[in-house]
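**Q** Numbering (my numbering), first residue to last: 131 to 363. Virtual Cβ for every residue (Gly too), placed ideally from N, Cα, C.
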Amino acid sequence: MRNLALSLALVIGLASSVLAEDAKPFSDAKEIDLVSLLPTPPANNSPQMQAELAEILTIQVTRTPEMATRAVADADEDVWRFADVIDNPKFTKENLPKFAAFFDRVVATEGAVVDPAKDFWKRPRPHLYSDLVKPIVPLSKSGAYPSGHTTVGTLMGIVLSNMVPEKRTELMARAWEYGHNRIVGGIHYASDVEAGRIAGTVIAETIRTHDDYKAEFEAAKEELRSVLGLSHV
């Protein structure tokens, strides 16, 4: 019976993953061209590059176990990482199907916009630039600039703040921590994170003008506030 339960859990998990990957982005790099919007990343061996590498190496030897745990957990790219701020046991995918489907599209938008910029700049990840860097989060060989995790964290923070304005300050602080944890994890430089925050903000402001976004946002917001027992705003 236990094996059957585990098998069902795996099937459900895989199905959810497929649905998230198949989600249609609200925008793409044709509409939001980060290559023309963001500054060029620091050149290899430049003083800024060396300073950013030094920051990563310093954090590597000074981060606490709690910081490391948070950084590893924030490697997940989903809105449920904001559960600690929402602080409500009903804030789950099972309770919020419309909200979950909407944020699948939000997350998919990040990749559609950011990946071409990463491919254009091809900035080496810290651990590929220096053997001294020992990341504690899953490795990636994609371009480091801009940080996709930071982009989506900022994007999710802004969108979620517009749904729950009562917690805007806390949600945006969490979004900023989410991005900073890419430095703590040893997988990104500070300028990658800064560019990701700009990218996430630009994406949020662009897609909010789309009719399909507006409709799905309102439905997701209504569902979220109803499930959480919040008044309509």
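Around the C-beta of residue 321, are 16 or more other C-beta atoms found within 10 angstroms, so that it is buried, or is it exposed?
**A** buried
**Q** Between which two residues does the alpha helix (DSSP H) harbouring residue 271 extend?
**A** No alpha helix (DSSP H) holds residue 271; DSSP gives it neither H nor E.
**Q** Jot down the residue ranges of each uninterrupted alpha helix (DSSP H) in the segment 257-338, minimum 4 residues, whole runs only, in chain order.
**A** As far as the segment 257-338 is concerned, its whole alpha helix (DSSP H) runs of at least 4 residues are 278-293, 298-314 and 320-337.
**Q** Is the separation between the beta-carbon of residue 202 and that of residue 263 shorter than 7 Å?
**A** no
**Q** Kindly indicate the opening and closing residues of the alpha helix (DSSP H) around residue 355.
**A** 341-358
**Q** On a Cα-Cα basis, can you pick out the residue from 324, 239, 226 and 280 that is closest to residue 171?
**A** That would be 324, whose Cα lies nearest to the Cα of residue 171.
**Q** Taking the alpha helix (DSSP H) that residue 228 belongs to, which residues open and close that run?
**A** 227-251
**Q** For residue 342, would you say it is in contact with chain B, using Cβ-to-Cβ distances shorter than 7 Å as the test?
**A** Of the chains in the structure shown, none is chain B; there is only one protein chain.
**Q** Looking at the unbroken alpha helix (DSSP H) that takes in residue 168, where does it start and where does it end?
**A** Per DSSP, residue 168 belongs to no alpha helix (DSSP H) and is neither H nor E.
**Q** For residue 143, which residues from the same chain have a beta carbon less than 8 Å from its beta carbon, with the 5 sequence-adjacent residues on both sides left out?
**A** For residue 143, the pLDDT reaches just 44, beneath the cut-off of 50, and the residue's location in the model is therefore unreliable, leaving the point undetermined.
**Q** What is the DSSP secondary structure of residue 221, counted as helix, strand or coil?
**A** It is coil, neither helix nor strand.
**Q** For the alpha helix (DSSP H) containing residue 215, name the first residue and the last one.
**A** 213-216
**Q** What are the start and end residues of the alpha helix (DSSP H) that includes residue 199?
**A** 195-203
**Q** What is the DSSP secondary structure of residue 155, reduced to helix, strand or coil?
**A** coil
**Q** Would the C-beta of residue 224 count as close to the ligand FMN, meaning under 6 Å from any of its heavy atoms?
**A** Within the structure as shown, the ligand FMN is missing, as the structure has no ligands at all.
**Q** Can you tell me the Cα-Cα spacing of residue 200 and residue 344, whole angstroms?
**A** 32 Å
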